[in-house]
Amino acid sequence: MGEAIHVRMYRDEDLPAVLNLLRASLGESPLLQRTAELFQWKHIDNPFGRSVMLVAEVDDTVVGLRTFMQWQLDYGADIIRCGRAVDTATHPGYVRRGIFRRLTMEALDVARDIGIQLIFNTPNERSRAGYLTMGWSDVGPVRVLVRPHPTRLLRGGHKQFPNLDELVPMATPFESDSRLAAEIADWGLADGSNHRGLRTPRSTSYLRWRFAGHPTARYGAVVRSAGTAVLRANLRKGRSELVISDALGPNPTEAIRSAVRISKADYDVAVFPPGSPGRRAARGAGMLTVPGIAALRLVARPVDVLEIDVLNTKSWRLALSDVELL
Ligand SMILES: CC(C)(COP(=O)(O)OP(=O)(O)OC[C@H]1O[C@@H](n2cnc3c(N)ncnc32)[C@H](O)[C@@H]1OP(=O)(O)O)[C@@H](O)C(=O)NCCC(=O)NCCS
Numbered sequence: 093m094g095e096a097i098h099v100r101m102y103r104d105e106d107l108p109a110v111l112n113l114l115r116a117s118l119g120e121s122p123l124l125q126r127t128a129e130l131f132q133w134k135h136i137d138n139p140f141g142r143s144v145m146l147v148a149e150v151d152d153t154v155v156g157l158r159t160f161m162q163w164q165l166d167y168g169a170d171i172i173r174c175g176r177a178v179d180t181a182t183h184p185g186y187v188r189r190g191i192f193r194r195l196t197m198e199a200l201d202v203a204r205d206i207g208i209q210l211i212f213n214t215p216n217e218r219s220r221a222g223y224l225t226m227g228w229s230d231v232g233p234v235r236v237l238v239r240p241h242p243t244r245l246l247r248g249g250h251k252q253f254p255n256l257d258e259l260v261p262m263a264t265p266f267e268s269d270s271r272l273a274a275e276i277a278d279w280g281l282a283d284g285s286n287h288r289g290l291r292t293p294r295s296t297s298y299l300r301w302r303f304a305g306h307p308t309a310r311y312g313a314v315v316r317s318a319g320t321a322v323l324r325a326n327l328r329k330g331r332s333e334l335v336i337s338d339a340l341g342p343n344p345t346e347a348i349r350s351a352v353r354i355s356k357a358d359y360d361v362a363v364f365p366p367g368s369p370g371r372r373a374a375r376g377a378g379m380l381t382v383p384g385i386a387a388l389r390l391v392a393r394p395v396d397v398l399e400i401d402v403l404n405t406k407s408w409r410l411a412l413s414d415v416e417l418l
């Protein structure tokens with residue numbers, strides 16, 4: 093067990109070994125298959141740029157992976173270049189030997205060299221402990237808004253993954269809606285709020301990649317005159333879930349209200365920051381914050397000196413589409 097660990101940049105020919113490592117270490121679910129297409133979408137085709145990717149080898153076998161997706165967050169007129177710490181894995185036979193630590197510290201140097209100013213992520217419990225020993229700080233919980241449909245929740249659970257068409261028959265596929273594309277271009281980056289806060293700029297190229305181009309998750313839209321709700325279906329613990337992934341445009345009230353009214357899911361779920369039009373719309377549609385429930389915890393690590401207090405949860409304005417990559 094004393095073999096030398098060699099760290100180097102990821103090369104395209106590492107892909108099969110890296111996918112096997114991700115499967116062995118993180119597992120797979122019906123919604124999250126570790127396919128080459130998903131890896132390509134996430135780490136190569138991303139409009140913010142190719143990910144920083146490092147691997148660890150023992151005897152020419154890949155036993156560790158560390159990736160930072162390149163990202164951008166706006167804060168008012170300021171643009172912050174970010175990395176998203178995702179897809180970190182150490183082969184189960186090589187854990188607790190410092191591989192995650194070494195890969196992460198070396199990846200931070202690469203990130204700094206290419207101008208990344210801030211790393212953020214929502215780690216699981218296992219890796220979170222490690223991040224907190226490497227200069228990351230806890231920003232806080234990502235609070236969800238939920239609307240249960242009690243009569244449906246009382247019915248038995250589901251086994252099959254639901255289609256969005258079943259949950260919201262009126263939703264149009266994100267990719268084929270040309271009116272949506274035109275409206276997004278018109279709405280530009282605005283979310284109709286005067287608050288400043290860290291959020292992904294919703295450029296047309298970003299939205300196309302994020303929602304229309306996703307290789308595994310199918311997104312739909314409910315489009316109304318001043319706003320659009322971006323939706324996907326999910327199955328969680330035998331319950332069908334309507335995920336309101338994003339709200340676009342200056343006033344998504346009608347779009348979100350229609351989606352929730354029509355929803356045939358067991359419950360609907362969303363994340364919108366306080367004071368945002370999406371939050372107002374979700375509350376107006378009967379969605380509630382559930383105290384104590386936070387599916388995710390946000391952590392961050394400045395790589396550069398930043399004037400924004402990135403460790404204060406009030407500096408962030410995230411929707412579900414900003415934190416998850418499904
Ligand atoms: C989490 C994971 C990446 C850690 O990899 P690793 O190479 O074993 O980690 P390291 O040996 O570099 O540990 C670095 C620090 O992380 C923390 N850590 C690692 N594994 C931990 C665990 N199981 N429980 C608590 N803390 C842990 C410790 O602080 C550790 O430092 P220490 O050993 O000096 O106490 C690895 O267990 C793994 O691949 N897990 C499955 C995939 C996964 O969960 N990835 C995270 C996705 S967000």
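With the first letter of the sequence shown counted as 1, position 289 gets the number 381 in our numbering; the numbers rise by one all the way through.
For each residue, glycine too, the CB sits at the ideal point set by N, CA and C.
Have a look at Pro-342, Arg-331, Val-187, Arg-126 and flag the residue whose alpha-carbon is nearest the alpha-carbon of Val-361.
Working through the sequence shown from its first residue, we reach residue 361 at position 269. Among Pro-342, Arg-331, Val-187, Arg-126, the Cα nearest to that of Val-361 is on Arg-331.
**Request:** With distances taken Cα to Cα, identify the nearest neighbour of Thr-320 among Thr-292, Thr-264, Val-363, Arg-375.
**Result:** Translated into the one-based positions of the sequence shown, residue 320 becomes position 228. Selected option, being the one with the closest Cα: Thr-264.
In terms of residue numbering, what span does the alpha helix (DSSP H) encompassing Arg-75 cover? No answer is possible for residue 75: it lies beyond the span of the chain, which begins at 93 and ends at 418.
**OP:** Could you say which of Trp-301, Gly-341, Phe-192, Asp-152 lies nearest to Ala-96 if we only look at CA atoms?
**Re:** Working through the sequence shown from its first residue, we reach residue 96 at position 4. The candidate whose alpha carbon is nearest that of Ala-96 is Asp-152.
Practice prompt. Report the option in Cys-174, Arg-220, Arg-218 whose CA atom is closest to the CA atom of Ile-206.
Written response: As a first step, residue 206 is located in the sequence shown; it is residue number 114 there, counting from the start. The residue with the shortest Cα to Cα distance from Ile-206 is Cys-174.
Problem - Beta-carbon proximity check, Ser-117 vs His-183, cutoff 8 Å - result: Here residue 117 is taken as the residue at index 25 of the sequence shown, counted from 1. Here residue 183 is taken as the residue at index 91 of the sequence shown, counted from 1. The Cβ-Cβ distance between Ser-117 and His-183 falls below 8 Å.
Count the other CB atoms within 10 Å of the CB of His-135; is the residue buried (16 or more) or exposed (fewer)? As a first step, residue 135 must be located in the sequence shown, where it is residue number 43. Around the beta-carbon of His-135, 16 or more other beta-carbon atoms lie within 10 Å, marking it buried.
Requested in this report: Look up Tyr-359 in the DSSP assignment and give the residues it is bridged to.
Outcome: To locate residue 359, count along the sequence shown from 1; it is residue 267. Per DSSP, Pro-240, Glu-333.
Which one of Val-202, Val-314, Phe-364 has the shortest CA to CA distance from Arg-291?
Counted from its first residue, the sequence shown places residue 291 at position 199. It is Phe-364.
| message | Just to confirm before moving on: does the CB-CB distance between Thr-405 and Leu-237 stay below 8 Å? | response | Taking the sequence shown and counting its residues from 1, one reaches residue 405 at position 313. Taking the sequence shown and counting its residues from 1, one reaches residue 237 at position 145. Not in contact: Thr-405 and Leu-237 (Cβ atoms no closer than 8 Å).
Three-state secondary structure (DSSP) at Trp-408?
In the sequence shown, residue 408 corresponds to position 316, counting from 1. If DSSP states are grouped into helix, strand and coil, Trp-408 belongs with the strands.
task: Answer yes if the segment 303 to 321 comes into contact with the segment 346 to 355, meaning at least three C-beta pairs across the two stretches below 8 Å, and no otherwise.
output: Yes, the segment 346 to 355 touches the segment 303 to 321.
Can you have a look at Arg-204 and say buried or exposed, based on whether 16 or more other CB atoms are within 10 angstroms of its CB? In the sequence shown, counting from the first residue as 1, residue 204 sits at position 112. Exposed, since its Cβ has fewer than 16 Cβ neighbours within 10 Å.
Next item on the list: Mind the definition here: the segment 157 to 166 touches the segment 132 to 149 only if three or more C-beta pairs lie below 8 Å; say whether that holds.
Entry: Counting C-beta pairs closer than 8 Å gives three or more between the segment 157 to 166 and the segment 132 to 149, which meets the contact rule.
- With DSSP as the reference, label Gly-168 as helix, strand or coil. Your numbering for residue 168 matches position 76 in the sequence shown. In the structure shown, Gly-168 sits in coil (DSSP, three-state: anything other than H, G, I, E or B).
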